[in-house]
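Protein chains in written order, with this note's numbering: chain L, 19 to 130; chain G, 16 to 132.
Rendered as structure tokens:
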């Protein structure tokens with residue numbers, strides 16, 4: 019069955035450094051992959067979408083890569099800030115269309 | 016736009032009672048999703064609708080769960096009878112029509128925290 023794996027351990031980094039989060043998937047070839055941010059007590063908020071034919075996508079301090087050979091996406095936050103502290107979820111399209119499968123998320127803590 | 020609206024924000028009920036969760040999607044969005052989030056299982060898709068029609072309900076855990084979308088601006092998720100293992104945060108999300116530049120992006124509501132005792 020389709021499986022998405024994100025680092026279950028929390029990621030602690032110092033302000034100003036680059037945070038790198040990993041999303042691995044198996045038994046599937048998604049047409050696109052999304053990254054969401056979730057703060058405690060709130061719903062996920064969409065950040066970036068990358069399609070299977072794209073290697074990299076950027077938005078301000080965010081960068082996402084998508085390696086369909088390795089079945090992996092990397093999510094980078096450059097010049098991280100304490101306000102970036104949150105849980106980051108990756109999501110793949112399921113059997114096609116709009117059925118979305120989410121990873122468990124990685125908790126990021128950025129220390130001042 | 017007010018975003019996706021969910022009610023109630025918190026619900027505490029006793030085992031065996033009926034629970035109804037409500038959602039108002041963003042105007043103009045024609046996809047609506049219901050998710051459940053727990054620490055153990057993460058964020059799981061329960062069901063989604065397109066133009067008020069249920070497309071995939073394979074994530075609905077069992078017959079105690081049902082969802083309806085009587086019109087483009089309202090959806091309900093009902094649990095009858097509720098059980099303690101249904102305790103979770105339930106999210107509703109909506110997406111824009113197919114073919115738009117952001118058609119896969121989902122906008123989530125604030126969620127309903129359900130506690131069944």
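Positions of the beta carbon are idealized from the N, C-alpha and C atoms, including for glycine.
- Counting the other CB atoms within 10 Å of its CB gives residue 73 of chain G a total below 16, which places it among the exposed residues.
- With a contact defined as Cβ atoms closer than 8 Å, residue 80 of chain L and residue 68 of chain L miss out at about 11 Å.
- Scanning its chain for C-beta atoms nearer than 8 Å, with the 5 sequence neighbours on each side dropped, one finds around residue 24 of chain G the residues 125, 126, 127 and 128, in chain order.
- One alpha carbon belongs to residue 104 of chain L, the other to residue 77 of chain L, and they sit about 18 Å apart.
- Nearest C-alpha to residue 108 of chain L among L:37, L:74 and L:122: L:122.
- Here the stretch 79-98 of chain G lies against the stretch 35-52 of chain G, with 3 or more beta-carbon pairs under 8 Å apart.
- A direct Cα-to-Cα measurement between residue 68 of chain G and residue 59 of chain L gives close to 30 Å.
- Under a criterion of Cβ atoms nearer than 9 Å, the residues of chain G adjacent to residue 123 of chain L are, in order, 57 and 58.
- In this structure residue 84 of chain L is in contact with residue 72 of chain L, their Cβ atoms being roughly 6 Å apart against a cut-off of 8 Å.
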